[in-house]
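In what follows, a single structure is set out as structure tokens and then discussed.
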Amino acid sequence: MRIYIKFLTYSFYKSFFYVISIMLSLVFILNLLNELEFFKDIDVNINSTLLLSILNSPSMIFEMFPFIFLITTQLFFIKLFNNNELEIFKYSGFKNSGIIIIISIVAIITGLIVSTLFYNLSSNFKNIYLEIKSKYTTDGKYLAVITKNGLWIRDKVGEKIYIINSSKIEGNFLINSFITEFDNKYNVVKNIKSKKIDLTNKDWKVYDAKIFENNTSENKEVLNIKTNFDYKRIQTLYSSLSSFDLFELFELRNNYKKMNYSLVEIDLQLLKLISYPFYLLLMTIFSAVIMFRVKRLDSTTIKISLGLFFSVIIYYINNFFFVMGTTEKISILQAIFIPLSILAALNTFMLKNINEK
11 MRIYIKFLTY SFYKSFFYVI SIMLSLVFIL NLLNELEFFK DIDVNINSTL
61 LLSILNSPSM IFEMFPFIFL ITTQLFFIKL FNNNELEIFK YSGFKNSGII
111 IIISIVAIIT GLIVSTLFYN LSSNFKNIYL EIKSKYTTDG KYLAVITKNG
161 LWIRDKVGEK IYIINSSKIE GNFLINSFIT EFDNKYNVVK NIKSKKIDLT
211 NKDWKVYDAK IFENNTSENK EVLNIKTNFD YKRIQTLYSS LSSFDLFELF
261 ELRNNYKKMN YSLVEIDLQL LKLISYPFYL LLMTIFSAVI MFRVKRLDST
311 TIKISLGLFF SVIIYYINNF FFVMGTTEKI SILQAIFIPL SILAALNTFM
361 LKNINEK
């Protein structure tokens with residue numbers, strides 16, 4: 011039995027690293043093309059584009075792991091089919107369910123490593139990537155989200171950090187806004203209240219500003235605030251939580267909670283990371299049962315194509331619920347666990363009579 015476990019584990023990881031190497035190469039090439047396109051009008055050396063391509067690749071690979079596990083499992087079984095090794099296992103009394111159990115254990119352990127060590131590594135690389143690229147564009151360093159509580163903006167200008175909450179946008183104006191200015195250690199410096207802010211450009215005009223500072227208040231007819239945002243940026247910017255590792259996400263969540271900042275996106279990201287090993291496990295099982303049910307097909311291309319077809323459907327279902335959770339149409343628990351429940355139910359149904367395949 012131990013020989014079978016070692017053999018199956020080795021074969022799975024061999025397929026896994028083979029798929030990873032191919033995906034990483036493809037992602038690196040795509041990143042390099044994107045960076046070359048981005049810097050086509052900017053004078054930078056080729057080493058910078060290569061470095062940025064390398065730094066951005068792990069975060070993209072992280073998002074692709076469900077497909078990587080699926081393809082890995084398919085290649086793993088194709089090798090077993092081609093070498094008639096399944097027949098040897100059957101003659102030895104080793105059932106199909108035993109194979110699935112072994113690769114499931116390998117998948118869940120690998121998934122835990124992916125969700126912790128690999129994610130932290132990729133997020134740190136992503137953060138360095140954004141810091142380097144911020145010399146040419148600062149989109150990655152600032153946050154703007156729209157929730158049921160209105161528009162929230164986190165901005166950093168020099169040593170100043172601004173948290174801005176507005177009830178809505180009317181044209182180029184923020185309506186009913188409250189601005190809190192912090193120092194770089196998140197100590198409150200002052201608060202500003204205004205019914206109307208002109209954000210036509212990055213030098214905001216705050217009308218009828220009421221300023222609260224050092225237990226005193228004063229009114230200004232027009233107050234200018236230098237920011238990194240204008241109307242166009244607010245309309246197109248999204249938060250890049252993939253640049254925060256697990257510890258930073260929890261720290262960020264605590265800061266947001268203290269400042270009454272929306273926790274939806276952070277909670278979704280944390281739940282996604284917590285559930286990610288189970289998602290990868292379910293994708294591995296799904297791929298395994300698909301391969302058992304199509305093993306009589308002679309064409310390897312058709313086998314892989316069928317698996318990829320179903321995985322794309324699963325991806326879009328998962329993404330649909332994630333978007334619903336982000337926009338607060340459903341709860342974050344529903345957004346994460348409904349797709350997983352659907353996939354688990356599908357796997358349970360398909361696992362029936364698997365030893366007879």
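Per our numbering, the very first residue in the sequence shown carries number 11; after that it's consecutive. The C-beta atom is built at its ideal place from N, Cα and C for all residues, glycine as well. Computed from a prediction, not measured in an experiment: that's the story for all the values here.
Discussion item. At the level of alpha carbons, what is the spacing between L161 and S177?
Written reply: 6 angstroms
Worksheet item: Out of curiosity, what's the CA-to-CA distance linking E368 and E95?
Response: The structure shown does not extend to residue 368, since the chain is modelled only from 11 through 367, so no value can be given for it.
Worksheet item: For E261, does the count of other Cβ atoms within 10 angstroms reach 16, so buried, or fall short, so exposed?
Response: exposed
Item to complete: Output the boundary residues of the beta strand (DSSP E) element that contains F192.
Response: F183 to F192
Item to complete: Quickly, what does DSSP pair Y326 with across the bridge? List them, please.
Response: As computed with DSSP, Y326 is found in no beta bridge at all.
Practice prompt. Identify which residue in K200, I185 and N41 has its Cα closest to the Cα of F192.
Written response: K200
Worksheet item: If you drop the 5 nearest sequence neighbours on each side, which residues of the same chain put their C-beta closer than 7 angstroms to that of S114?
Response: Excluding positions up to five away in sequence, the list reads L291, T294 and I295.
Discussion item. What does the alpha-carbon distance come out to for the pair P287 and T83?
Written reply: 15 angstroms
Worksheet item: Who are I352's beta bridge partners in DSSP?
Response: For I352, which the question treats as bridged, DSSP gives no partner whatsoever.
Fill in: I15 versus I98 - alpha carbon distance
Here the alpha carbon of I15 sits roughly 14 angstroms from the alpha carbon of I98.
Practice prompt. Return the chain-ordered list of same chain residues with a C-beta closer than 8 angstroms to the C-beta of P68, the five sequence neighbours on each side being excluded.
Written response: F128, L131, S132, F135 and K136
Worksheet item: Roughly how many angstroms lie between the CA atoms of F222 and I173, to the nearest whole one?
Response: 15 angstroms
Worksheet item: Among E73, S253 and V216, which one has its Cα closest to the Cα of K236?
Response: Closest option to K236, Cα to Cα, is V216.
Discussion item. So V116 and F22 are supposed to be a Cβ contact under 8 angstroms. How far apart are they, rounded?
Written reply: 5 angstroms
Worksheet item: What are the boundary residues of the alpha helix (DSSP H) that includes I364?
Response: Careful: I364 lies outside any alpha helix (DSSP H) and carries neither H nor E.
Fill in: C-beta atoms of V167 and N238 nearer than 8 angstroms
Contact flag set, yes.
Worksheet item: Within 10 angstroms of its Cβ, does D165 collect 16 or more other Cβ (buried), or is it exposed?
Response: buried
Worksheet item: For K212, which of N197, N55 and D240 has the nearest alpha-carbon?
Response: D240
Worksheet item: Y217 bridges to which residues according to DSSP?
Response: Residue pairing for Y217: DSSP places it in a beta bridge opposite K206 and V232.
Worksheet entry | Beta-carbon separation (whole angstroms), Y196 vs I171, contact threshold 8 angstroms | 7 angstroms
Practice prompt. Specify the secondary structure class of T148 as computed by DSSP and reduced to three states.
Written response: Note that T148 scores 49 on pLDDT, short of 50, meaning its location in the model is unreliable and no value can be drawn from it.
Fill in: Where Y289 falls, given that 16 or more other Cβ within 10 Å makes a residue buried
buried
Worksheet item: Measuring CB to CB, does F330 end up less than 8 angstroms from L278?
Response: no
Worksheet entry | Candidates L61, T59, L80 and L60, of which the one nearest F26 by Cα | L80
Discussion item. Output needed for T210: all residues of its chain with C-beta closer than 6 angstroms, excluding positions within five of it in sequence on either side, in chain order.
Written reply: N182
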